[in-house]
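Scroll down for the structure; my scribbles are underneath it.
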Amino acid sequence: MSTTTSLHSAPIDQSLIGCAEEPAANTARRANHEGLGDVVSQEEHRVAEDHEEFAGVEIPADRENLTATEGIDIPPADWPDRPDIEWLRRLVRDVDVAVDVENNSGTVIGLQLTAKFERMLERQQLNEDLLEMIRSVFQPPKVRDGSTSKEYEDLLGALIDPGSIVVIGGRPGGGRTITGLALLAHLRAATGATVSTLGYGGAREFSVRRVPHDKRCGYLLELPTDDAEFAVSSGFGRTLHAVRDLLRRTSSHLVVITTDEQWDRVGHGAPVRSVEVTPAAAQEIAAAWLRIWAPDVPVDRWIEHPDIADLLERESPRGAMDLVGLIARAAHTAKDRLPALEATVDGENPAHPLANDEKEFHRRVSSVVAARKSWRRQLLDWHRKPGRTSFERNFLLTAATLREAPVGEVYAAAVTLAQQFHDEVPPAGQQGPGIIQLADAVEADLSGDDDRLEFPRPGWDDAVLHYFWIDRPLSRQQFLTWIAHAPLTATREIQKLSPGGSTVDRASRAERMASFALRWAARQRRPDYLEKIVTTWHGQNDLWPAAVDALTRACFDPLIGRETHNLLLNWSKGQAPALLEAVTAVCAGDFGRAYPGKALVRLGHAAGSRYEKVTEVVRTAVQTLWREQSVSSALMTEILKWCSASDEVRRAGGRRAFTALAELRSEDEVAFPALLAPGVGAEDPLMTEPDVHSRLWIADVARGWRSILESSAARTEAVAAGRLWFDACLVRPEARSTIFHVFRVAVAEPGEDGSGLQHQLLDLLYEWQPVDDQATDRVALRRALTDLLLHDRCRALLPYVSQSAQEGRA
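The sequence shown begins at 10 in this note's numbering and counts up one residue at a time.
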């Protein structure tokens with residue numbers, strides 16, 4: 010089926026949404042280098058702060074008559090099987106509650122999926138197919154610029170001009186991100202611009218240097234949510250003047266995603282105002298997605314049915330997507346597997362006078378309506394059926410939790426759930442009901458070679474869980490405890506229960522349980538439900554990755570993402586080893602790359618831990634984040650803050666973190682420090698006449714080495730780093746002067762206790778090249794650095810010697 014949706018039939022209005030310009034704001038460099046002698050002058054700091062050098066780029070010829078395409082074809086029917094559509098659905102569903110009953114060609118893909126867009130790191134180009142699909146399904150929202158209503162076409166018109174910036178505000182879950190993506194998708198169709206995401210970076214201030222100099226690009230920048238210890242700079246709006254200048258030079262465009270509350274704080278002085286968007290009607294969203302997702306479904310017949318129309322009338326965009334999943338599943342369910350009509354309707358059956366084909370369609374519609382009501386009446390009838398046993402209830406609850414798991418695994422897990430509740434457990438032998446009888450009792454089908462349990466009713470499994478949660482409030486904690494301990498019970502005896510001799514390993518069971526725990530935490534808006542999994546699986550090497558992954562996905566979940574960020578912050582300030590290790594592991598992964606500023610704050614707290622395992626994970630996290638080029642500068646800034654903290658524990662964590670960076674080797678050269686690699690902190694720290702930024706970077710590196718030398722414990726841990734840096738002087742002779750300069754600056758002033766640091770550096774130097782070893786080049790290097798250190802020391806002491814001499818003559 011092919012359908013076109015025309016968005017434009019006339020040239021686009023090119024008026025910008027904005028207000029009068031103000032002078033471009035200065036973007037601060039980052040560090041305070043006091044106490045390092047005259048290495049970096051105050052004038053160089055001022056130059057670094059006040060000047061942004063932009064290469065001149067020719068602006069294309071006049072583009073006044075650019076228009077978006079007249080219409081686009083709906084993509085082919087096999088698109089729903091592509092992973093692109095999974096994360097795009099999450100953007101549209103970014104509001105309200107999760108029913109999590111969606112089904113795509115028989116595969117449930119609800120909240121356990123990662124919000125892929127949120128995890129797009131730094132700068133990632135969006136492919137053409139994805140952008141075309143966005144244009145296909147997007148339904149224009151309502152737009153307000155202050156008190157003025159605008160059309161979506163006006164918003165797109167504001168984005169067409171080179172150098173344009175559009176700021177989209179509104180409430181979380183109001184369709185901001187999907188609107189931004191759609192704007193850029195239409196921009197690409199109209200102008201051929203390349204579309205990419207743009208990361209905010211790890212610092213609180215947004216640097217104009219983060220914007221590439223590529224020509225004809227469209228960028229999507231989503232501002233990180235503010236929390237207790239990391240917030241977007243209040244000067245962000247003023248920074249947009251310099252951003253706009255660069256965009257004009259490169260004929261590029263920017264869409265910024267924020268919230269009204271955040272923009273009120275950070276938008277002062279911006280060259281544009283924010284616009285508020287509210288989503289299109291649920292009926293329009295559902296119809297567009299059904300045409301993509303289930304092209305063989307008679308969309309109009311479904312959407313216009315009175316019962317479905319009544320549901321959509323009251324639904325949010327997220328609810329509309331829930332209904333899309335229910336409709337797709339109900340429409341594709343085999344006729345003989347549809348629930349009886351009596352089981353889906355309340356009161357008198359309205360389908361009795363209908364023809365047979367109409368009755369079948371009505372059964373499908375009624376099952377969607379019942380699922381949207383969580384099958385409450387039907388579940389009540391099932392639970393109160395005479396003769397219903399506690400083990401049947403536990404079997405049903407387990408089957409709903411372990412979706413489409415092999416029935417042997419479900420049976421074994423149901424036994425452990427019954428034990429957790431202190432309920433009746435079937436005796437051995439043939440006295441109790443068997444698996445087939447239990448599957449029939451819970452009204453499930455067995456499918457596949459390994460006999461997996463499936464419920465023919467759409468949304469039945471989620472409804473079962475919701476029913477239990479409401480019906481048994483005193484059993485909730487026991488249920489959560491069972492979730493956490495279930496993988497630990499995957500013994501050989503339980504594995505033998507799987508049909509066909511297949512095994513159920515602990516890691517697979519952990520992944521299932523973690524996925525369920527995440528879905529349930531999101532539905533209940535309680536990310537702290539994941540804590541029991543973290544503490545129970547800590548120390549279990551085969552289970553721990555699933556716990557970290559669930560926590561990472563929670564960070565990107567549209568329902569509980571922000572709450573999970575705060576949860577990690579609270580954990581990082583505590584002393585529980587399991588929680589601290591979880592925080593550092595999450596910060597070392599996608600969360601740290603997507604939200605480097607927030608990750609660095611949490612790592613800063615965890616870095617002061619006294620637990621060896623936690624400090625080791627912090628070390629790994631620091632090295633992982635360093636490899637993200639966009640994070641390196643902010644990472645160095647944060648580590649130097651830790652090194653100068655008033656709290657000794659946190660200061661020690663900073664020293665360990667810098668040591669981890671100091672011993673990190675360049676990706677290009679095995680025997681060369683990554684901290685001195687070109688393009689990391691500066692274009693080329695080894696240049697003969699380093700520029701301002703290179704000098705600032707070298708001063709930062711010297712501060713880090715100084716913090717190491719001030720602590721005897723840190724010096725012991727830095728032996729490997731010292732060897733790497735001294736070896737680099739031999740491997741790269743041109744680096745020798747820079748490395749010597751770093752060390753000389755590091756020891757130029759006395760340590761915190763008043764002692765000189767030259768001797769501490771010499772300890773490392775002589776550990777690298779002892780006296781009794783006669784390697785000529787190494788001895789020569791050792792002597793050269795020793796002579797320079799003694800020379801510096803003599804110069805530092807000379808004023809005092811002269812003063813003493815004068816006093817003696819007096």
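Every residue, glycine too, gets a C-beta built ideally from N, C-alpha and C.
Opening and closing residue of the beta strand (DSSP E) in which residue i lies
| i | result |
| --- | --- |
| tryptophan 174 | Before going further, note that residue 174 is isoleucine rather than tryptophan in the sequence given. That run of the beta strand (DSSP E) goes 174-178. |
Proximity to residue i [Cα-Cα], best of the options
| i | options | result |
| --- | --- | --- |
| tyrosine 161 | Gly244, Ala669, Trp491 and Val284 | Val284 |
| valine 627 | Pro605, Cys596 and Arg386 | Cys596 |
| glutamate 540 | Ser517, Ser642, Ala587 and Leu255 | Ala587 |
| arginine 327 | Lys344, His314 and Thr287 | Thr287 |
| isoleucine 717 | Leu770, Gln638 and Ile187 | Leu770 |
| alanine 563 | Pro536, Ile542 and Trp546 | Pro536 |
| alanine 337 | Leu673, Ala789 and Pro467 | Pro467 |
| arginine 3 | Ala212, Val152 and Cys652 | No answer is possible for residue 3: the residues shown for the chain start at 10 and end at 819. |
| leucine 609 | Val592, Lys394 and Ala585 | Val592 |
| tryptophan 491 | Ala669, Cys652, Ala240 and Leu406 | Leu406 |
| threonine 544 | Val419, Val557 and Val204 | Val557 |
| arginine 674 | Arg665, Ala559, Leu684 and Ala666 | Leu684 |
| arginine 402 | Lys650, Glu452, Arg372 and Ala379 | Glu452 |
| proline 280 | Val175, Ala198 and Gly201 | Val175 |
| glutamate 293 | Ser145, Glu726 and Thr186 | Ser145 |
| glycine 606 | His222, Ala643 and Ala630 | Ala643 |
Anticipated Cβ contact below 8 Å, residue i with residue j, distance rounded
| i | j | result |
| --- | --- | --- |
| leucine 766 | valine 754 | Going by Cβ atoms, the distance from leucine 766 to valine 754 rounds to 11 Å, so no, they are not a contact pair. |
| leucine 578 | arginine 619 | About 20 Å; that fails the 8 Å criterion. |
| leucine 552 | alanine 519 | 4 Å |
| alanine 711 | valine 751 | 5 Å |
| glutamate 463 | aspartate 454 | 5 Å |
| phenylalanine 400 | alanine 422 | Not a contact, Cβ separation roughly 12 Å. |
| arginine 185 | isoleucine 266 | 5 Å |
| alanine 666 | tryptophan 651 | 6 Å |
DSSP-derived helix/strand/coil call for residue i
| i | result |
| --- | --- |
| arginine 274 | helix |
| histidine 494 | helix |
| histidine 250 | helix |
| proline 315 | helix |
| valine 451 | coil |
| glutamate 433 | coil |
| valine 152 | strand |
| arginine 518 | helix |
| glutamine 533 | coil |
| asparagine 641 | The sequence given here has serine at residue 641, not asparagine. Three-state result, serine 641: helix. |
| proline 682 | strand |
| serine 158 | strand |
| arginine 802 | helix |
| arginine 225 | coil |
| arginine 327 | helix |
| lysine 368 | helix |
| lysine 394 | coil |
| glutamate 572 | helix |
| serine 375 | helix |
| phenylalanine 239 | coil |
Beta bridge counterpart(s) of residue i as assigned by DSSP
| i | result |
| --- | --- |
| glutamine 134 | Ser205 |
| valine 265 | Val176 and Leu230 |
| lysine 582 | Looking at the DSSP assignment, lysine 582 forms no beta bridge with any residue, so it has no partner. |
| serine 283 | Val176 |
| glutamate 463 | Asp454 |
| proline 415 | Arg461 |
| arginine 674 | Pro682 |
Residue i, enclosing alpha helix (DSSP H) - first and last residue
| i | result |
| --- | --- |
| leucine 774 | 767-777 |
| threonine 624 | 621-635 |
| threonine 725 | 721-726 |
| isoleucine 187 | 185-200 |
| phenylalanine 599 | At residue 599 the sequence reads aspartate, which differs from the phenylalanine that was named. Start and end: 599-603. |
| glutamine 292 | 291-302 |
| lysine 541 | 540-546 |
| valine 557 | 553-565 |
| alanine 708 | 701-718 |
| serine 399 | 399-410 |
| valine 751 | 745-755 |
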